[in-house]
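S.K.: Those sequence lines, one after another, are chains A and B. Per our numbering, residue 7 is the first one in the first sequence, and the count goes up by one each step. Per our numbering, residue 6 is the first one in the second sequence, and the count goes up by one each step. Even for Gly, the Cβ is constructed at its ideal location relative to N, Cα and C.
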Amino acid sequence: MFAIFTRLADLVAFSLLGLTAESKLGDAVHFFVEDVTKIFVLLTVIVFAVGMLRTVMTPERMRKMLAGRRKAPAYGLAGLLGAVTPFCSCSAVPLFIGLLEANVPMGVTMTFLITSPMVNEVAVVMLAALLGWKITALYFVTGITVGILGGLAIDALGMERFVEDYVWKIRMGQVVEVAVDHSLRGRIAYGWQQVREIIGRVWLYVLIGIGIGAGLHGYVPQEFFARIAGPSNPFAVPFAVLAGIPLYSNAAGMIPIVEALLAKGLPVGTVLALMMSITAISLPELMILRKVLKVPMLAFFAAYLAVAFICVGYLFNFVLG
Amino acid sequence: MKSFKVLGSGCKNCITTAKLIEDKAKTLGVAVEIEKVTDIAAIMGFGVMSTPGVVLDGKVVHAGGIPQPDKVETWLRS
């Protein structure tokens, strides 16, 4: 299915630019061209398709689904909803307040907030297309599990007290439903709007990700990674997670890096732990959440995720290793 | 004079929305006053969860994304 992109890359790197497949530059350029075309085509198709579906699933609707639900099913639902509704960090705060205001428990709300940036349709389809369904299924299931356990822990520890006081005072009154054009034409228009908006937001991350991936692919020798992060180094997983905390990229931008690292022979668990850490914990995200959460809660949030990702990394390395 | 409020925490889409209304108003020669509401408590007070939202003369007319240009025209002509 993706052979066409490989051939296109052959054409550009080897025929047009006259590079050889054996040279480092040829290797890197080939990776870059193949991934740029492949990822942007994939991204456009996925975002368009999901954009059309999203005319069905608005945050307002989600709030209604979660409100007044008993605890146990609510956590599972919040995790799944987090997976199907990607949101940009700028809507995290209104969503957080909106859910609490509808008496959705704090733990359930946090399950949603943890799952959402980590597991989404872009990550799932790209992982599946490039790395196979097995890794995708593992990523999906553990991503949601980490979100659910995090929510339960936050609930058990009574972390409501670390929500900024003004949040509890907000009264929303009648929630405005987003006007959705339900005709086919309306859905298509919305799908395109999503493509423009989401690709407009992520393209730079994706290009940087592909650039790093191409550099790793062409220029970093296999032995380098085998030595610092190979299966024989027991500290590779925590190191990957800690390195990922200050870094931010979205799931789409991480895929080419994951692809290159796996090709270099890094263990799956180590690589997925790095991806989760980079997508789910970042300084900008924490700063946005600071508007509604007090520092102890944020510290717990970051520490919990770091520990969870380390466990996930070891687990995968153990199971698949 | 129509009074618009653009609700949003200052993300790029909110700026685009405010600019869209401003530009359309200029083209149509309608006098408008545009205020950007960035305070989250105020935004939520309007019942808006998905930003950007648009308030026209005290009433929410739009939420959840950049409005379509023809929709903006309808508001200006109303």
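#1: Any idea what DSSP makes of H188(A), helix, strand or coil?
#2: Over the uninterrupted beta strand (DSSP E) stretch that includes E66(A), give me the two end residues.
#3: Give me the Cβ distance between Y176(A) and A68(B), rounded to the nearest whole Å; I'm assuming they're in contact under 8 angstroms.
#4: Going by the beta-carbon positions, is the gap between G88(A) and T121(A) smaller than 8 angstroms?
#5: So, does the CB of Y211(A) fall closer than 8 angstroms to a CB anywhere in chain B?
#6: Would you say K297(A) faces chain B, with C-beta separation under 8 angstroms as the test?
#7: Quick check: is the beta carbon of I48(B) nearer than 8 angstroms to any beta carbon in chain A?
#8: Where L158(A) and F230(A) are concerned, what is the direct C-alpha to C-alpha distance, given to the nearest angstrom?
#9: So which residues on chain B does I176(A) lean against when the C-beta distance must stay under 9 angstroms?
#10: With a threshold of 8 angstroms between beta carbons, is T56(B) in contact with chain A?
#11: Could you work out which residue in E28(A), D41(A), S29(A) is closest to F11(A) when comparing CA atoms only?
#12: Taking the alpha carbon of N323(A) as the reference point, which residue from L59(A), P237(A), V39(A) has its own alpha carbon closest?
#13: Kindly list, in the order they appear in chain B, the residues whose Cβ is closer than 8 angstroms to that of T64(A).
#14: Please classify Q200(A): is it buried, with 16 or more other beta-carbons within 10 angstroms of its beta-carbon, or exposed?
#15: Which chain B residues are close to G104(A), counting only those with a beta carbon under 8 angstroms from its beta carbon?
#16: For T22(B), count neighbouring C-beta atoms within 10 Å of its own C-beta (all shown protein chains included) and say buried if the count is 16 or more, exposed if not.
#17: Measuring alpha carbon to alpha carbon, tell me which of T61(A), I204(A), P302(A), S29(A) ends up nearest G259(A).
#18: So, is the C-beta of V65(B) closer than 8 angstroms to a C-beta in chain A?
#19: Starting from the Cα of E265(A), find the closest Cα among R296(A), A129(A), V99(A), L299(A) and give me that residue.
#20: When you compare the segment 309 to 326 of chain A with the segment 35 to 53 of chain B, are there three or more beta-carbon pairs, one atom per stretch, that lie closer than 8 angstroms?
#21: For V169(A) versus M112(A), is the C-beta distance shorter than 8 angstroms?
#22: Rounded to whole angstroms, how far is the Cβ of A286(A) from the Cβ of L311(A), which I believe are closer than 8 angstroms?
#23: Spell out a yes or no on whether the segment 26 to 39 of chain A and the segment 211 to 222 of chain A are touching, meaning 3 or more CB-CB pairs, one atom from each, closer than 8 angstroms.
#24: Please state the DSSP three-state secondary structure of V59(B).
M.R.: Reading off the structure:
#1: coil
#2: Premise fails: E66(A) lies in the alpha helix (DSSP H), 65 to 72, not in any beta strand (DSSP E).
#3: It should be noted that the sequence gives Ile, not Tyr, for residue 176(A). Not a contact, Cβ separation roughly 16 angstroms.
#4: yes
#5: no
#6: yes
#7: yes
#8: 40 angstroms
#9: I45, A46, M49, G50
#10: yes
#11: D41(A)
#12: P237(A)
#13: S55, G69
#14: buried
#15: M49, M54
#16: buried
#17: I204(A)
#18: yes
#19: A129(A)
#20: no
#21: yes
#22: 6 angstroms
#23: yes
#24: strand
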